[in-house]
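Count the sequence shown with the working numbering and you get residues 102 to 488, in order. Backbone N, C-alpha and C define an ideal beta-carbon position, used for all residues, glycine too.
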Amino acid sequence: MLKIPYGKQNINEEDIKAVVEVLRSDWLTQGPMIERFEKTVAEYCGAKFAVAVSNATAALHIACLAVGLKSGDILWTSPNTFVASSNCGLYCGASVDFVDIDPKTYNMSLQALQEKLDLASSMGKLPQILIPVHFAGQACEMEKIANLVKPYGITIIEDASHAIGGEYKGKKIGSCAISDMTVFSFHPVKIITTGEGGMILTNREDLYKILIRLRTHGITRDPLFMDGESHGPWYYQQVDLGFNYRITDLQAALGVSQMKRLDEFIQRRHWLAQRYNNLLQDLPLTTPWQHPDTYSAYHLYVIKLKLEELSKTHKTVFEEIRSAGINANLHYIPVHTQPYYKKLGFKIGDFPEAEKYYRQAISLPLYYSLSEQEQDYVIQVLKEVLQ
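Here it is as structure tokens:
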């Protein structure tokens, strides 16, 4: 029986060579390859600054800290995401709330956002930070989101963990043309990988300088940020409470090498997604709708079952797919339904579109090295299970 994962990295000989070269160099960490990786990603996306970190969770955390999120503040994000998108607010002592999703894109709903802003404004409880999540690689409607929140002075941090290589209105996701910061993930199931790793992009030099310090214990060697004069070339000062969120040169070397194939990875994902669209169209399911303003990175290919046309439950369909050797997945369990968040006061029914989506969604295998034969097998199994 075939064993097909839902996502998988693609490592070639050039990637391995790049890492080996660093292993043989003088720098395994805190060396020149990190800056090269940052510059490579920033130039690709069209942003001025980039800060590479140990993972995207760390990136979200210090992005929030960089704009001063603190106890008594509020952060809003989507319930259809991984818990890191909201946990970053809790790490800072802030409270967290969610904006329900659009039933077509599965991204943050503009209508829900407008309604929530109107209510929050009337109550004096507006958020300091909004984190739209580019789910599955498709950008949120960022221009309209910005038009809604910017009059209130709300900071926008794009969670683009799924979306490097994607575009919004002809510009690369990560350009920060509309937002204050953008966060990427380089986990092995993402578009490109550094093993573990993340990055924050911004066009604001003030944020960049804070992020650099927060990444490394809050330490600076820049006399401009020191209290008093430097004692000498060895001298540093801790001026913030930072963290050890550094990435290594080994990881950065892999990232630089992977970036050379990013567009190739995206094109292949689009080809596979279109093939799914064509071959699944007669089944009782909904294929992913793409907004005309976006060019998705297609991190995920999510179908929604038309359960009213099936005699089987969502769970049964999922289990039968898994039993056929296809490691389908489900992205995501709505964050507000997690036990930890229920303790914070959230309950089932708070965000009905995200909950309805969860009851129907299945993530099918989609990755660069997925072969036509493997994809045909996935489609064959789906047809057998659903028909």
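Extent of the continuous alpha helix (DSSP H) to which residue i belongs
i	result
residue 118	114-124
residue 473	473-487
residue 360	350-360
residue 372	363-380
residue 216	211-224
residue 468	Element bounds for residue 468: n/a, residue is neither H nor E.
residue 264	Here residue 264 belongs to no alpha helix (DSSP H), and DSSP marks it neither H nor E.
residue 306	306-316
Residue i and residue j closer than 9 angstroms at C-beta
i	j	result
residue 294	residue 439	no
residue 398	residue 138	no
residue 223	residue 193	no
residue 220	residue 255	no
residue 179	residue 462	no
residue 348	residue 153	yes
residue 266	residue 341	no
residue 479	residue 418	no
residue 476	residue 466	yes
residue 317	residue 301	no
residue 214	residue 189	no
9 angstroms Cβ cutoff, residue i in contact with chain D
i	result
residue 192	In the structure shown, chain D does not exist; there is a single protein chain.
Own chain, CB closer than 6 angstroms to residue i, minus 5 neighbours either side, in chain order
i	result
residue 210	201, 202 and 203
residue 322	337
residue 147	273 and 276
residue 352	295, 296 and 298
residue 227	221 and 253
residue 430	107 and 464
Residue i, enclosing beta strand (DSSP E) - first and last residue
i	result
residue 153	150-154
residue 285	282-286
residue 301	299-303
residue 462	462-465
residue 260	256-260
residue 198	196-199
residue 230	230-232
Neighbourhood of residue i by C-beta distance below 7 angstroms, restricted to the same chain and skipping five residues each side
i	result
residue 482	422, 425 and 427
residue 442	436
residue 167	308, 311, 312 and 315
residue 433	181, 182 and 183
Coil, strand or helix - residue i by DSSP
i	result
residue 402	strand
residue 396	strand
residue 428	strand
residue 177	strand
residue 105	strand
residue 337	coil
residue 188	helix
residue 248	helix
residue 163	helix
residue 279	coil
residue 140	helix
residue 416	helix
8 angstroms Cβ shell around residue i - same chain, five flanking residues per side excluded
i	result
residue 488	384
For the region 175-194 against the region 156-166, are there 3 or more C-beta pairs whose distance is under 8 angstroms? yes
Segment contact flag, the region 465-480 with the region 366-373, C-beta cutoff 8 angstroms, min 3 pairs: yes
Are at least three pairs of beta-carbons, each pair with one atom in the region 303-314 and one in the region 126-139, less than 8 angstroms apart? no
Looking at C-beta atoms only, is the number of pairs between the region 280-293 and the region 404-415 that lie closer than 8 angstroms three or more? no
Inter-stretch contact at 8 angstroms, needing at least 3 Cβ pairs: the region 113-123 / the region 232-246: no
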